[in-house]
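2 protein chains.
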Amino acid sequence: MTIAIIGGTGPQGSGIGLRLAVAGEHVILGSRDAERAAAEAATLVDTHRPDGRLEGMANADAIDQADTVILAVPYKGHAELVTSLADTLAGKLVISCVNPLAFDKRGPVGMQIEDLSAAEEAARLLPESTLAGAFHHLSAVNLHKLDHDLSHEDVLVCGDDQESKATVIRLAELVTGGRGVDAGALRLARHLEPFTAVLISMNKRYKTNTSVYITGIRQNGDTK
Amino acid sequence: MTIAIIGGTGPQGSGIGLRLAVAGEHVILGSRDAERAAAEAATLVDTHRPDGRLEGMANADAIDQADTVILAVPYKGHAELVTSLADTLAGKLVISCVNPLAFDKRGPVGMQIEDLSAAEEAARLLPESTLAGAFHHLSAVNLHKLDHDLSHEDVLVCGDDQESKATVIRLAELVTGGRGVDAGALRLARHLEPFTAVLISMNKRYKTNTSVYITGIRQNGDTK
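Line by line, the protein sequences give chains A and B.
Counting in this note's numbering, the first sequence runs from 1 upward without gaps.
Counting in this note's numbering, the second sequence runs from 225 upward without gaps.
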């Protein structure tokens with residue numbers, strides 16, 4: 001599988017890309033700036049020597065070569081960027097890990113947005129793509145520390161297409177070595193995304209990098 | 225400490241009350257119907273013989289005798305009930321575990337409400353009380369099974385008053401035997417409450433009772 005990561009030079013996008021490449025997947029970091037994407041990929045390859053191929057190029061070229069596209073961009077500019085890439089994204093699985101958050105003197109908080117979540121906004125703007133939401137809660141810092149065990153950090157996956165959701169769950173397992181968990185319908189992205197504000201709040205309070213583990217589900221979703 | 229639980233005959237309220245009484249606290253289950261509250265308390269005492277005193281009475285009488293009040297009512301009718309009790313709640317610590325959720329053929333989802341969360345709505349309606357949010361994610365089923373170990377089910381506590389939040393964190397530790405975690409400002413209740421829709425969605429998918437554990441925080445919040 002070839003996975004393109006839009007926003008692939010940001011900390012979250014490059015961290016997910018690095019983990020997928022380490023797991024042996026072919027990963028293309030995408031950016032508005034092809035040279036910046038190539039440089040980031042080269043740095044990651046030099047530093048970590050992943051088993052999978054990891055390269056960087058302009059967003060549209062990255063999408064063109066990929067089966068699956070991860071959207072890891074800031075929410076600011078999200079609608080414009082997604083709209084500009086709609087044609088190349090048609091027919092593909094698009095996984096949003098966009099977190100629309102605001103910060104003020106009282107700390108982090110989820111933004112109130114018209115579509116209620118970035119994933120639902122992307123679904124509206126990409127009627128010919130299949131949307132899923134995932135990877136909202138993984139700490140970029142921990143993604144980049146390859147010696148940090150992520151296997152107890154659950155990836156909560158939401159989406160309305162069951163087959164695509166199964167693909168995202170498998171990708172999640174590759175990223176963390178732990179679980180992808182089927183969290184339900186795509187619209188639940190409106191609750192997954194802003195939960196990141198709660199995690200960031202706890203990161204500040206406890207001077208750490210938090211994530212989420214769901215109790216009550218046996219390993220790999222086996223509840224027998 | 226004496227703790228009143230408004231909505232004390234519901235599954236969540238009676239479950240939290242039972243666990244607090246087992247931990248030795250004095251708990252008063254409150255209800256619109258004093259007899260129903262007394263009967264529920266008597267049943268719990270007969271069944272589980274908790275160390276702490278557990279009784280039931282009308283909401284206003286329960287609040288009158290308590291230092292701390294837990295609001296465990298359905299969101300439907302929440303504003304009217306809270307308004308009707310505002311005078312007796314003045315000067316007290318009020319902990320909301322109200323989850324404004326809707327259910328349709330696509331599953332559970334958080335309601336879009338004017339104050340963004342039940343806790344913020346209660347804070348607006350109770351200007352002379354101190355509000356906190358907690359206990360949103362504990363499964364009522366597991367609360368009632370006393371042999372179910374809750375010590376890995378974190379209670380995420382939000383509030384703007386640090387001293388009250390420390391009290392709620394201690395109560396959380398009594399309920400679960402595990403951690404109360406300082407999740408940040410009261411407004412983050414708008415993200416904690418609807419996250420329960422995600423948990424209910426996973427409960428259906430995996431046929432279990434899920435809850436939340438936060439990774440990256442050492443036990444009891446000690447990050448050293």
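Glycine included, each C-beta is placed from N, C-alpha and C at the ideal position.
- Under the Cβ distance rule, A/His136 does not count among the residues neighbouring chain B, no pair being separated by less than 9 angstroms.
- By the Cβ test, the segment 287 to 302 of chain B is not in contact with the segment 268 to 278 of chain B, since fewer than three Cβ pairs between them sit closer than 8 angstroms.
- Against A/Pro11, chain B offers no close residue; the least beta-carbon distance is about 17 angstroms (beta-carbon pairs closer than 9 angstroms).
- Selection A/Met1, A/Ala183, A/Val168, A/Tyr213 evaluated against A/Asp67 yields A/Met1 as nearest (Cα-Cα).
- Residue-level contact check: A/Val98 does not touch chain B, since none of the beta carbons of chain B fall below 9 angstroms from its beta carbon.
- Counting of Cβ neighbours within 10 angstroms places B/Phe419 among the buried residues, the total reaching 16 or more.
- In this structure, B/Ile319 and B/Ala358 form a Cβ contact; the two beta carbons are roughly 5 angstroms apart against a cut-off of 8 angstroms.
- In chain order, Ile438, Thr439, Gly440, Ile441 make up the part of chain B whose C-beta sits under 8 angstroms from the C-beta of A/Thr210.
- Bounds of the beta strand (DSSP E) holding A/Glu55 are 54 to 58.
- Per DSSP, the continuous beta strand (DSSP E) segment holding A/Ser211 begins and ends at 211 to 215.
- Proximity of chain A to B/Val379 at the Cβ level (cut-off 8 angstroms) is not reached, the minimal Cβ distance being about 12 angstroms.
- DSSP, read as helix, strand or coil, puts B/Ser425 in helix.
- The Cβ atoms of A/Leu146 and A/Leu20 lie no closer than 9 angstroms to each other.
- In the structure shown, A/Leu143 falls within a helical segment according to DSSP collapsed to helix, strand and coil.
- The beta carbons of B/Glu344 and B/Ala409 sit about 10 angstroms from each other, so the pair does not count as a contact at 8 angstroms.
- Contacts with chain B (Cβ-Cβ distance below 8 angstroms) from the segment 173 to 186 of chain A involve Val181, Asp182, Ala183, Gly184, Ala185, listed in chain order.
- A/Ile113 carries a coil assignment under DSSP once its states are collapsed to helix, strand and coil.
- Taking 9 angstroms as the cut-off, the Cβ atoms of B/Tyr437 and B/Asp378 count as close.
- DSSP, reduced to helix, strand and coil, places A/Leu101 within a strand of the structure shown.
- A/Leu126 carries a coil assignment under DSSP once its states are collapsed to helix, strand and coil.
- Take the alpha-carbon of A/Ala90 and the one of A/Arg170: they are about 22 angstroms apart.
- A direct Cα-to-Cα measurement between B/Val333 and B/Gly254 gives close to 28 angstroms.
- Spatial neighbours of B/Glu249 in its own chain (CB-CB distance under 7 angstroms, excluding positions within 5 residues in sequence) are listed in chain order as Met225, Ile227, Gly276, Leu398.
- Within chain B, the C-beta atoms nearer than 9 angstroms to that of A/Met202 come from Leu380, Val405, Asp406, Ala407, Gly408, Ile438, Gly440, Ile441, in chain order.
- Annotation: the continuous beta strand (DSSP E) that includes A/Leu71 extends over 68 to 71.
- With 16 or more other Cβ atoms inside 10 Å of its own Cβ, B/Gly404 counts as buried.
- The Cβ neighbour count for B/Thr307, taken over all protein chains shown within 10 Å, is under 16; the residue is labelled exposed.
- Judged by beta-carbon spacing, B/Ser238 lies within the 9 angstroms limit of B/His368, meaning their Cβ atoms are closer than that value.
- An exposed status is given to B/Asp311, since fewer than 16 other beta-carbon atoms sit within 10 Å of its beta-carbon.
- For B/Pro418, the chain A residues whose Cβ falls inside 8 angstroms of its Cβ are Arg190, His191, in order along the chain.
- Counting along the chain, the unbroken alpha helix (DSSP H) around B/Asp270 starts and ends at 258 to 272.
- In summary, A/Gly8 is buried, with 16 or more beta-carbon neighbours lying within 10 Å of its beta-carbon over all protein chains present.
- Sequence-distant Cβ neighbours of A/Ile5 in its own chain, meaning closer than 8 angstroms and more than five residues away, are Gly13, Ser14, Ile16, Gly17, Val27, Ile28, Leu29, Gly30, Ala62, Val69, Ile70, Ala72.
- Ranked by Cα distance from B/Gly301, the options B/Asn323, B/Leu317, B/Gly280 are led by B/Asn323.
- Burial state of A/Glu35 is exposed, judged by a 10 Å Cβ sphere holding fewer than 16 other Cβ atoms.
- The residues Ala132, Lys165, Leu186, in chain order, have a CB closer than 6 angstroms to that of A/Gly159 in the same chain once the five nearest residues on each side in sequence are set aside.
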